[in-house]
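Since the structure comes first, as structure tokens, the remarks are kept for the end.
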Amino acid sequence: MSNIRVRKETGRLFLDFRVFGVRCREQTELPDTKANRKLLAKLDDSIKVAVANGSYKHEHFFPMSKRIAEVEEARLAMSS
Numbered sequence: 524m525s526n527i528r529v530r531k532e533t534g535r536l537f538l539d540f541r542v543f544g545v546r547c548r549e550q551t552e553l554p555d556t557k558a559n560r561k562l563l564a565k566l567d568d569s570i571k572v573a574v575a576n577g578s579y580k581h582e583h584f585f586p587m588s589k590r591i592a593e594v595e596e597a598r599l600a601m602s603s
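Written out as structure tokens, the structure reads:
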């Protein structure tokens, strides 16, 4: 299960979730508003669908993430 949280230092939203056993805390530039929380909830739903149907690629959702290689390695390890 993922959480939509706020960085106290910046007031910006981030998504805190696990995928293939890797904890990801992906930052956004979105301020904490009801509309932006709804937007991240939709993103979270899309991530869950992609994981469920086997099409999840971390770089498609978070192209600037430092965890791309780690998540891909975990995905490959789980599929073999």
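In terms of the working numbering, the sequence shown is numbered consecutively and its last residue is 603. For each residue, glycine too, the CB sits at the ideal point set by N, CA and C. None of the values given here were measured: they were computed from a predicted structure.
query = Buried or exposed: where does arginine 541 fall if 16 or more other Cβ atoms within 10 Å of its Cβ makes it buried?
reply = Here the question's residue 541 lines up with position 18 in the sequence shown. It counts as exposed.
ask   = At which residues does the beta strand (DSSP E) containing arginine 546 begin and terminate?
value = Working through the sequence shown from its first residue, we reach residue 546 at position 23. Segment 545-554, the beta strand (DSSP E) holding arginine 546.
query = In chain order, what residues of the same chain have a beta carbon less than 6 Å from the beta carbon of alanine 573, not counting five sequence neighbours either side?
reply = The residue you call residue 573 lines up with position 50 of the sequence shown. Cβ within range, chain order: Tyr579.
request  = With a 10 Å radius around its C-beta and 16 neighbouring C-beta atoms as the bar for buried, classify glutamate 532 as buried or exposed.
outcome  = Taking the sequence shown and counting its residues from 1, one reaches residue 532 at position 9. Burial call: exposed.
request  = Within 10 angstroms of the Cβ of leucine 599, are there 16 or more other Cβ atoms? Answer buried if so, exposed if not.
outcome  = In the sequence shown, counting from the first residue as 1, residue 599 sits at position 76. It counts as exposed.
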